[in-house]
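>
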Amino acid sequence: MDEQHLAPLSADEDSRFDGYSSSDDASVEVTSTIDECENELVRLSTYLQLESEFDNDDDQAFEWPEPPPTLLSSSSSDIEELADSQQVVLSTTSFNNGDAQEKSKKCKRRQWSTLEKLDAIALFDKNQSKRKTANEKGCTPAQLRNWIHNKENLLKMYKNKKGGKRKRLEGGGKKVVYADLDSRLFTWYRSRRTDPNDQSRAAPDIQRERVTLRHLEKEGRRIAKELNHSSPVSSWYLRFLKRNGLSLQRPKRQDKVPLDEVHRLANSFYMFNRRASSWSIRRGPMGAFIPEDICNMDESPLALFGDQAKRSVNDIGTSNEINGYISNKRFCTVLLTVFGKNQRMKPVVLFKGKGNIGVNEREQYSKDVHVIFTPKAVINGQSMDTYINKWLEKVHDGHPKLFIADSANSHLKPEIIQKLRKKNVVVSIIPKGCTQYLQLLDTAVFSVFKNHYQAAADEYIDCYSSRSKIKLTAKQQRILCTRLISTAWIRTQKSIDFERAFLDIGYTWVDESPVSIRTLKGFIFDPSTVTSSTFNDDENEEKEEYNAKKTTVELFPYVRLVSLYDKHTFEHEFFIRISQSFSFMEDLTMIYHQSQKHKQLYKSINHNDNSSIVKYNYLITLDGSKVHDNYIEEFLFNTKIYFHINH
Numbered sequence: 000m001d002e003q004h005l006a007p008l009s010a011d012e013d014s015r016f017d018g019y020s021s022s023d024d025a026s027v028e029v030t031s032t033i034d035e036c037e038n039e040l041v042r043l044s045t046y047l048q049l050e051s052e053f054d055n056d057d058d059q060a061f062e063w064p065e066p067p068p069t070l071l072s073s074s075s076s077d078i079e080e081l082a083d084s085q086q087v088v089l090s091t092t093s094f095n096n097g098d099a100q101e102k103s104k105k106c107k108r109r110q111w112s113t114l115e116k117l118d119a120i121a122l123f124d125k126n127q128s129k130r131k132t133a134n135e136k137g138c139t140p141a142q143l144r145n146w147i148h149n150k151e152n153l154l155k156m157y158k159n160k161k162g163g164k165r166k167r168l169e170g171g172g173k174k175v176v177y178a179d180l181d182s183r184l185f186t187w188y189r190s191r192r193t194d195p196n197d198q199s200r201a202a203p204d205i206q207r208e209r210v211t212l213r214h215l216e217k218e219g220r221r222i223a224k225e226l227n228h229s230s231p232v233s234s235w236y237l238r239f240l241k242r243n244g245l246s247l248q249r250p251k252r253q254d255k256v257p258l259d260e261v262h263r264l265a266n267s268f269y270m271f272n273r274r275a276s277s278w279s280i281r282r283g284p285m286g287a288f289i290p291e292d293i294c295n296m297d298e299s300p301l302a303l304f305g306d307q308a309k310r311s312v313n314d315i316g317t318s319n320e321i322n323g324y325i326s327n328k329r330f331c332t333v334l335l336t337v338f339g340k341n342q343r344m345k346p347v348v349l350f351k352g353k354g355n356i357g358v359n360e361r362e363q364y365s366k367d368v369h370v371i372f373t374p375k376a377v378i379n380g381q382s383m384d385t386y387i388n389k390w391l392e393k394v395h396d397g398h399p400k401l402f403i404a405d406s407a408n409s410h411l412k413p414e415i416i417q418k419l420r421k422k423n424v425v426v427s428i429i430p431k432g433c434t435q436y437l438q439l440l441d442t443a444v445f446s447v448f449k450n451h452y453q454a455a456a457d458e459y460i461d462c463y464s465s466r467s468k469i470k471l472t473a474k475q476q477r478i479l480c481t482r483l484i485s486t487a488w489i490r491t492q493k494s495i496d497f498e499r500a501f502l503d504i505g506y507t508w509v510d511e512s513p514v515s516i517r518t519l520k521g522f523i524f525d526p527s528t529v530t531s532s533t534f535n536d537d538e539n540e541e542k543e544e545y546n547a548k549k550t551t552v553e554l555f556p557y558v559r560l561v562s563l564y565d566k567h568t569f570e571h572e573f574f575i576r577i578s579q580s581f582s583f584m585e586d587l588t589m590i591y592h593q594s595q596k597h598k599q600l601y602k603s604i605n606h607n608d609n610s611s612i613v614k615y616n617y618l619i620t621l622d623g624s625k626v627h628d629n630y631i632e633e634f635l636f637n638t639k640i641y642f643h644i645n646h
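Letter by letter, the sequence shown follows residues 0 to 646 in numbering that gives the first Met the number 0.
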């Protein structure tokens, strides 16, 4: 079903495809431009008799062939007069190959540098003879006269070249073919994006809309039609950008995290993933996980026929700031989920509305896409919960899973994380500001998916006339969107080696060798630094206590659920570290059936005013059903434990 997006939509009273006719399309004959040009040259040579075998002495008795159609067009009046005139005399003398080659030889005109021109002028000032100077320098007298006439401009050019960037003389270069189109198109661009040098406008009046190359070409075709011009080719628009000091740039990222901070956060992210792999029974080189168990989920806005390009037009040398274009151009939101192996989660599309649609419309949606309706076509708590239920249906098999997502608010709902935790799913949150480096969907998948989506949309437009003539109801737009998404996702899976991509970004691994992330230059994660226990495995009490105080505390501000399972006992100092590292912890689960080593120290700890208090400011759920009674006493009878009243 790779081409399901080209299937016709059901007839509807309010929708139509203007100008579309299947009979007309069936009668179209496709001829390549190259073949047409060759045919035209053959007809032209026959008409002009360039290699005639007839004797040219009897021109009056010769019957001229019909001229080719292009020579009789209304736009070539000179050719019509030539065809009608009785005074046309064409020489058909055949030339031998040697003469033809000799005539075809042309000397390439030499280019003279500014310094050479000034040297010639200086020589003329000495001898006051143009002919003598021209002979000595190897130029023509006409060239020398032109240089002498433009002496001041040449001197300016030479000074500018020595002092800085060389500038073209005003009025130099090839003239613009569509001057009026160039002017009006630039005026239209300025109405969308204000000149950065314009200081007269107030801040609210400054325009910072997103203008892509596709938008520019579309507006250029519209203006050309108004001016009765032929539509320029794509390369004309690239020259338009260069003429007007514009270029294609990526949008400026706001609140960018410093690179050294990104390295620190990335290390914590990969450290957490490696530690999580040791929380259950080992199943392979990745501990508790196998590639099928690890996935990455994220969402991205989509426009039905809009341009999905990342780069947009902006003034050279200025920051490409864009205001408010996402919400204005969003038709829907697509959620993609990728696995290291065995892709088994369909794309999810979020449409705007309450979901009050008929059965007929839902049956026409693509079977390979799941549809959810939300008030603003963006993900929220309810839609995230629906997605998680679908995800669990597809992947839940009793084995541990690693669910990687970014730090969006909808991904961090405590009830959703608790639901996943009960199904043995570990949620790994990519730190804020690091998604462009660490999230696979952002670095390798969404760009490929949107390119395939745009290609599928263009195929649909080509199949059903032009975009401007396609009229679709809201119902048909939703149906078409699901089909385009389905086609794009099928092609994306064929284009990307997900197993290789997961290895490259460090989500999966085959051994304990250091990991270098391609998207984050200079960062190397060393798995040998990962420890499953906080304390040293030593029977000496003093050394263990020293390690607890000396080890620096790592902060994990996005972790809400913590499970403790280890071969070492959990002492009071360990819980101090846990409360400091996971300060926003809401759910704590402990699994350890052996007694604590230092239970007898509780009394001294409770009466020691200098010992640290273990604070749980956000703890809601404490699961101690699988621990020794010592740990129950640790939380219930230890006066150095503080619980904030959480609801």
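Heads up, the beta-carbon is just placed ideally off N, CA and C, and yes, glycines get one too.
By Cβ distance, which residues of its chain are closer than 8 angstroms to T113, with the 5 residues on each side in sequence left out?
The residue given as residue 113 occupies position 114 in the sequence shown. Same-chain partners within the cutoff: L153, M156, Y157 and K160.
> Does any residue of chain B have a CB that is nearer than 8 angstroms to the CB of F522?
Included in the structure is just one protein chain, with no chain B present.
> Using C-beta distances below 7 angstroms, list every residue in its chain close to N341, excluding the 5 sequence neighbours before and after it, in chain order.
Within the sequence shown, the letter at position 342 stands for residue 341. Counting only Cβ-Cβ distances below 7 angstroms, and skipping sequence neighbours, we find E291.
> Considering only their Cβ atoms, is the gap separating T481 from V370 smaller than 8 angstroms?
Here the question's residue 370 lines up with position 371 in the sequence shown. Here the question's residue 481 lines up with position 482 in the sequence shown. Their beta carbons are under 8 angstroms apart, which means V370 touches T481 by this criterion.
> So what does P300 bridge to, in DSSP terms?
Taking the first residue of the sequence shown as 1, we reach residue 300 at position 301. For P300, which the question treats as bridged, DSSP gives the partners T332.
> Using a Cβ-Cβ cutoff of less than 8 angstroms, which residues in the same chain neighbour D118 once the five nearest sequence positions on both sides are dropped?
Residue mapping note: residue 118 aligns to position 119 of the sequence shown, counting from 1. The residues are K136.
> Determine the extent of the beta strand (DSSP E) in which H369 is found, giving its start and end residues.
The count along the sequence shown starts at 1 and reaches residue 369 at position 370. Note, H369: beta strand (DSSP E), H369 to T373.
> Just the Cα atoms here: how many angstroms apart are V726 and S406?
Not covered by the structure: residue 726. The range shown for the chain is 0 to 646.
> Contact between the segment 387-394 and the segment 261-276 is defined here as three or more beta-carbon pairs at a separation below 8 angstroms; is this criterion met?
Flag = no, the segment 387-394 and the segment 261-276 do not touch.
> If you run the structure through DSSP and keep just helix, strand and coil, what is F402?
Counted from its first residue, the sequence shown places residue 402 at position 403. Strand at F402.
> Which whole-angstrom value is the C-beta distance of F651 and F497, which I expect to be below 8 angstroms?
The chain is shown only over 0 to 646; residue 651 falls outside these bounds and no answer can be derived.
> Along the chain, which unbroken stretches of the beta strand (DSSP E) at least 3 residues long are found entirely within the segment 397-444?
Runs found: 400-404 and 424-428.
> Excluding the 5 residues flanking Q492 on each side, which residues of the same chain have their C-beta closer than 7 angstroms to its C-beta?
Stepping through the sequence shown from its first residue, residue 492 is reached at position 493. Answer for Q492: Q342, listed in chain order.
> What's the C-alpha gap between Q716 and F123?
As shown, the chain starts at 0 and ends at 646. That puts residue 716 outside it, with no answer to give.
> Are S311 and R209 close, meaning C-beta to C-beta below 8 angstroms?
The residue labelled residue 311 in the question sits at position 312 within the sequence shown. The residue labelled residue 209 in the question sits at position 210 within the sequence shown. Yes, they are a contact pair.
> Please report the residue range of the beta strand (DSSP E) in which I205 lies.
On the sequence shown, residue 205 is found 206 positions in, with the first residue counted as 1. Unbroken run through I205: none, as it is neither H nor E.
> Could you please give the first and the last residue of the uninterrupted alpha helix (DSSP H) stretch that includes I590?
As a position in the sequence shown, residue 590 is number 591, starting the count at 1. From DSSP, I590 is part of no alpha helix (DSSP H) but of the beta strand (DSSP E) over D586 to Y591.
> In chain order, what residues of the same chain have a beta carbon less than 8 angstroms from the beta carbon of L258, not counting five sequence neighbours either side?
The residue you call residue 258 lines up with position 259 of the sequence shown. G521.
> For G219, is the classification buried or exposed, using 16 other Cβ atoms within 10 angstroms of its Cβ as the cut-off for buried?
For the purposes of this step, residue 219 is taken as residue 220 along the sequence shown, with counting starting at 1. Burial call: buried.
> So what's V261 in DSSP terms, helix, strand or just coil?
One-based indexing of the sequence shown puts residue 261 at position 262. Three-state result, V261: helix.
> Below 7 angstroms CB to CB, which residues in the same chain sit around L40 once its five sequence neighbours on both sides are set aside?
As a working mapping, residue 40 is identified with position 41 in the sequence shown. In this prediction, L40 scores a pLDDT of 47, lower than 50, which makes its location untrustworthy; no coordinate-derived value is stated.
> Please look up how many angstroms separate the CB atoms of Y591 and V626, rounded, as I've assumed it's under 8 angstroms.
Your numbering for residue 591 matches position 592 in the sequence shown. Your numbering for residue 626 matches position 627 in the sequence shown. 5 angstroms between Cβ atoms; contact.
> Relative to the alpha-carbon of L215, which residue among Q142, S233, R200 and R207 has its alpha-carbon at the smallest distance?
Position 216 of the sequence shown, counted from the start, is the residue given in the question as residue 215. Nearest C-alpha to L215: S233.
> Tell me, please, which residues DSSP counts as bridged to C294.
As a first step, residue 294 is located in the sequence shown; it is residue number 295 there, counting from the start. DSSP lists F338 and F402 as partners of C294.
> Note down, in chain order, each residue of its chain lying with its Cβ closer than 8 angstroms to the Cβ of L180, except the 5 sequence neighbours on either side.
Numbered from 1 along the sequence shown, position 181 holds the residue referred to as residue 180. Around L180: G219, I222, A223, L226, H228 and P231.
> Would you list the one or two residues that DSSP bridges to T620?
Here residue 620 corresponds to residue number 621 of the sequence shown, with the count starting at 1. In DSSP, T620 forms a bridge with D586.
> Might you give, ordered along the chain, the residues of its own chain that have their beta carbon closer than 8 angstroms to the beta carbon of N319, omitting 5 neighbours on each side?
Counting from one through the sequence shown, the residue named residue 319 turns up at place 320. For N319, where only same-chain residues beyond five positions count, the Cβ hits under 8 angstroms are Q248, R249, P250, K251, S311 and N313.
> Do L335 and V509 have their C-beta atoms closer together than 8 angstroms?
The residue you call residue 335 lines up with position 336 of the sequence shown. The residue you call residue 509 lines up with position 510 of the sequence shown. Going by C-beta atoms, L335 is not nearer than 8 angstroms to V509.
> Just verifying my parser: in three-state terms, what is the DSSP assignment at H627?
Here residue 627 corresponds to residue number 628 of the sequence shown, with the count starting at 1. If DSSP states are grouped into helix, strand and coil, H627 belongs with coil.
> Quick check: the Cα distance between K217 and Y236, rounded to an integer number of angstroms?
Within the sequence shown, the letter at position 218 stands for residue 217. Within the sequence shown, the letter at position 237 stands for residue 236. One C-alpha to the other measures close to 11 angstroms.
> If you follow the alpha helix (DSSP H) that S190 is part of, which residue opens it and which one closes it?
Here the question's residue 190 lines up with position 191 in the sequence shown. Note, S190: alpha helix (DSSP H), A178 to R191.
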